[in-house]
Each structure stands twice: as structure tokens, then as C-alpha cells.
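If you use mature numbering (1 follows the signal peptide of the UniProt record, and there is no 0), the sequence shown corresponds to residues -27 to -1, 1 to 124, in order. What follows is a short report on a single structure.
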Amino acid sequence: MTRHFATLSLAAALSVASVASLSAARAQMPTMPGMPGGSMSGMAMGGGSGVGMMGLPSVSSAGPSNLAGLLGFCVQNNYLGASAASPVMSSLGQKAGINGQGDSQYQAGQNGILNTGNGGTFSLAGAGQGIKQQMTQKICNMVLSRAQSIL
């Protein structure tokens, strides 16, 4: 009985230690603008509104106006080449009847704001260097693919 109790005590101690190390690791994660709580923890754990595979935000809820604006943002900030994105952006703009300044979703996209659905947004602005920059590059590629798919 004492041996069984010792085994259970050891298992409980290891469980507590695992939770504590996970919490410590999560607290040390870099911040990411636009994520719940301002950190990348929502992405690493797969949580948060509008978050898809690998913790990246879903682009499937973004409308044509928002996608067109985001394509402009991605080209302007060198995440996408103009030769690949501009024709898609132009076709999408014509299809959606985007009139530029009067379209709030287009303007949000131009400012790097992705509408993720249910009132959620994700900011691509201020990506900086390293993993944030790589994530923004990936999201811009996802936006281009999504825009091409709805044409």
C-alpha cells in the first residue's frame, strides 16, 4: 500500500511539474499584435477566434473587399510580388465592385487587418523580423490563394 501511494505521489508531482513548465514556456513566448492577450500563445496552442491550422488565422471568412485590401498591403510591404498579386487584386476588386475609399473592409485590408469572422480580426501590421515576419509571409500567401479561389 505504501509503495502504491508513493507511485501515485510521484505521478502527481510529475503532472504538476509538467503544468508548471508549460506555463513558464508559454509566458516566455514572444508577443504578436492582433492575437488574444497580445501573445503568440493562442497560436501555439491552437486557440483563439478565427485561428486555423498551425495556429495561423483563417482567411476563409474574409470577404472579397478585405482580401483585395490585404493583397495591396502584402505587395506594399514586400510579402507578395506585384506580378503575382496585382492581377488577382484587380480582378477581385472589379468582381466585388470595390470603390476604394468608401469600402471599410478594403481599407482595413490595406492597413493589414484580416477579418477572421464573428467580429474577430488579426493584424499583419508591424510584423518585424523572425517568426512574426515568416507568419505574415505565410498569411499573405494564404490570402492570395483564397483570393484566387473565389475569382
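Just so you know, even glycine gets a beta-carbon here, dropped at the ideal spot from N, CA and C.
Would you please state the rounded distance, in angstroms, between the beta carbons of residue i and residue j? I believe it to be under 8 Å.
i     : j      : result
Leu40 : Cys47  : Their Cβ separation, rounded to whole angstroms, is 10 Å, which puts Leu40 and Cys47 out of contact at 8 Å.
Ser96 : Gly103 : Incorrect: roughly 17 Å between the Cβ atoms, too far for contact.
In terms of residues, what are the limits of the alpha helix (DSSP H) holding residue i?
i      : result
Gly45  : Pro37 to Gln49
Gly66  : Ala55 to Ala69
Leu117 : Ile104 to Ile123
Ser77  : Ser77 to Gln83
What does a CB cutoff of less than 7 Å around residue i pick up in its chain, not counting 5 residues either side in sequence?
i       : result
Leu(-6) : Because Leu(-6) carries a pLDDT of 35, less than 50, the predicted location of this residue cannot be relied on, and the following value inherits that uncertainty. Within the same chain, Leu(-6) has no close Cβ partners at all.
Ala(-4) : Low confidence applies to Ala(-4): its pLDDT is 39, below 50, so where it sits in the model is not reliable enough to give any reading.
Ser22   : Unreliable positioning characterises Ser22 in this predicted model, as indicated by a pLDDT of 47, which lies under 50. A coordinate reading is not provided.
Find the nearest neighbour of residue i within the set the options, judged by alpha-carbon distance.
i      : options                          : result
Leu29  : Thr94, Ala120, Gln121 and Gln102 : Thr94
Leu44  : Ala100, Gly90 and Ala81          : Ala81
Gly99  : Gly90, Thr89, Gln110 and Gly92   : Gln110
Cys113 : Ser38, Ala58 and Pro37           : Ala58
Gly75  : Asn51, Val61, Ser64 and Ser38    : Ser38
Ile123 : Ser64, Leu87 and Tyr79           : Ser64
Gly42  : Gln83, Asn72, Asn51 and Ser77    : Gln83
With a CB to CB cut of under 6 Å and the five nearest residues on each side skipped, what residues in its chain are close to residue i?
i      : result
Gly70  : none
Ala55  : Val48
Met115 : Val32
Gln78  : Gly36, Ser38 and Asn39
For the beta strand (DSSP E) that residue i lies in, which residues bound it at each end?
i     : result
Gly93 : Gly93 to Ser96
Gly90 : Ile86 to Gly90
For residue i, which residues of its own chain have a beta-carbon under 8 Å away from its beta-carbon, when the five flanking residues on both sides are left out?
i      : result
Arg119 : Val32, Ser33, Ala35 and Leu40
Ser117 : Correcting the residue type first, residue 117 is Leu in the shown sequence and not Ser. Correct list, in chain order: Leu44, Cys47, Leu53, Ala57, Ala58 and Val61.
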